[in-house]
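**Student:** Okay, here's the structure, questions in a sec.
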Amino acid sequence: MLLFKPFKSTYLLLFFIFNPLLISHAQNSLRPLENKFKQTGPVQTGAERTDIYLPFLKGKNIAVVSNQTSVIYTSRDSIFEVFPGEKNAYFDHIEYTNTHLVDSLLSLKISVKKVFAPEHGFRGKADA
651 MLLFKPFKST YLLLFFIFNP LLISHAQNSL RPLENKFKQT GPVQTGAERT
701 DIYLPFLKGK NIAVVSNQTS VIYTSRDSIF EVFPGEKNAY FDHIEYTNTH
751 LVDSLLSLKI SVKKVFAPEH GFRGKADA
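Just so you know, the numbering used here puts 654 at position 4 of the sequence shown, and the rest follows in order with no gaps.
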């Protein structure tokens with residue numbers, strides 16, 4: 651039993667000596683990541699990419715986990731304002747028209763059997 655104790659202490663001592671050296675070497679070798687992908691178009695959420703997931707859902711009973719932000723944007727309109735007596739139009743804001751994911755799936759004849767939502771409902775209008 652006494653022979654094992656110095657052996658264990660030696661390993662512990664070596665661990666404390668070499669561990670900071672390994673950590674400091676690892677931190678010096680970190681490089682900033684290069685962005686290999688360039689964004690060419692508008693950002694799309696997964697819900698908006700119906701062409702990818704609709705073939706998997708056809709003919710199946712599905713459940714949806716969603717909240718009031720689970721929407722599919724159908725159009726984007728830039729609203730400009732023209733003041734009386736001026737020729738130029740000034741940008742005011744962007745209006746987005748959207749439909750809820752569940753409404754979109756139902757209109758596409760997808761069989762939605764269950765909707766799991768937070769306490770305020772998946773449209774955000776229910777009382778807690």
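By construction, the Cβ of each residue, glycine as well, lies at the ideal position given by its N, Cα and C atoms. Nothing here was measured: the structure is a model prediction, and the numbers come from that model.
#1: Identify the continuous alpha helix (DSSP H) that holds F706 and give its terminal residues.
#2: By how many angstroms is the C-alpha of S720 removed from the C-alpha of L751?
#3: Cα separation between T724 and Y740?
#4: Would you mind sorting A697 into buried or exposed? The rule is 16 or more other CB atoms within 10 Å of its CB.
#5: Mind checking whether V714 and V762 have CB atoms under 8 angstroms apart?
#6: Are the Cβ atoms of I722 and T749 separated by less than 8 angstroms?
#7: Pick from V693, P768, Y703: whose alpha carbon is nearest that of N717?
**Tutor:** Based on what the coordinates show:
#1: 700 to 707
#2: 6 angstroms
#3: 24 angstroms
#4: buried
#5: yes
#6: yes
#7: P768
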